[in-house]
Amino acid sequence: MSTAATSEGGLSTLLVIKPVTPPDIESAPEGNLVRLPQAAERVQRLQGGTSPARQGKAGSGRRTTGTVRRTAGKVAALDPGAVDQEIVELMSSRVAQAVLEVITGARSIQQLVRWLDTRCLSALTTRARLHAEAYKAASRRQSHDGDAENVSTLHHQPMVHSVHCSNVAPGIYETSVVMADATRFRAVAMRFEVNRGLWKVTALNIG
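Following this note's numbering, the numbering of the sequence shown begins with 1297 at its first residue and continues without gaps.
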């Protein structure tokens, strides 16, 4: 196929156009040709779809691009009162056990400063001192009588038997803890009140 073109000087120039055979993609050396995505493929990418080259087969171990739907689970509403009662019950058992250990001399009363108010700390200190004096007097008598084998172990760890908790007012709980001591069961009654976000024992009665 040929056509003639005329320049400004009036000279005619012959322009020859020959058809060219497109290169064979399959037999071309690797890396010499770049395959551009088809129009439909580009539109699919713009619309948020995935190209066939990025889609993996099931079970092939390849990452597949797709829409992941997640169903949000239902979150149960928390009851602040139930949470507070659970905290107070746990504190009651631990404080009651610590109180009896203070009385028997197995624990320092300073470890309860954070949980007891001033009046309860003072009363517990007096109770522990009287118990220690009575124990020393009994030990001296038994030692003088030669009956030292009947002296009971001082540092016996009491065990929690049961805990009862009651909400008497907003931010106020009354609890009763039954403790298994060395030879008997003892009851420890407490009153918990919130003080600047911290639960404290404001009343303490040891049976």
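Yeah, the Cβ is synthetic: ideal placement off N, Cα and C, and Gly gets one too.
Fair warning: this is a prediction, and the values are worked out from it, not measured in the lab.
Decide if residue i is buried, meaning its Cβ has at least 16 other Cβ atoms within 10 Å, or exposed.
i                  : result
alanine 1392       : buried
alanine 1378       : exposed
glutamate 1382     : exposed
phenylalanine 1481 : exposed
valine 1484        : buried
isoleucine 1313    : exposed
If you follow the beta strand (DSSP E) that residue i is part of, which residue opens it and which one closes it?
i            : result
alanine 1485 : 1481-1491
alanine 1478 : Where alanine 1478 is concerned, there is no enclosing beta strand (DSSP E), given that its DSSP letter is neither H nor E.
leucine 1494 : 1494-1502
alanine 1402 : Careful: alanine 1402 lies outside any beta strand (DSSP E) and carries neither H nor E.
Measuring alpha carbon to alpha carbon, tell me which of the options ends up nearest residue i.
i              : options                            : result
leucine 1420   : Gly1467, Arg1492, Ile1502, Ile1313 : Ile1502
glutamine 1453 : Thr1498, Ala1483, Ala1476, Met1486 : Ala1476
leucine 1417   : Leu1310, Ile1313, Ala1499          : Ala1499
valine 1473    : Gln1407, Leu1396, Arg1423          : Leu1396
glycine 1467   : Ala1430, Asp1380, Asp1413          : Asp1380
arginine 1425  : His1457, Asp1413, Arg1403, Ser1439 : Arg1403
Could you compute how far the alpha carbon of residue i sits from the alpha carbon of residue j?
i              : j               : result
alanine 1465   : lysine 1496     : 15 Å
valine 1459    : alanine 1433    : 34 Å
glycine 1352   : cysteine 1461   : Because glycine 1352 sits at a pLDDT of 45, beneath the cut-off of 50, its placement in the model cannot be relied upon, and the following sentence gives the value as read from the coordinates. Going from the Cα of glycine 1352 to the Cα of cysteine 1461 covers about 60 Å.
threonine 1479 : methionine 1455 : 12 Å
Does the beta carbon of residue i sit closer than 8 Å to a beta carbon anywhere in chain C?
i             : result
arginine 1390 : Here chain C cannot be found, since the structure has a single protein chain.
Residue i and residue j look like a contact to me (Cβ under 8 Å); what is the Cβ gap, rounded to whole Å?
i               : j               : result
alanine 1394    : leucine 1408    : 6 Å
methionine 1486 : serine 1389     : 11 Å between Cβ atoms; not a contact.
arginine 1423   : isoleucine 1399 : 6 Å
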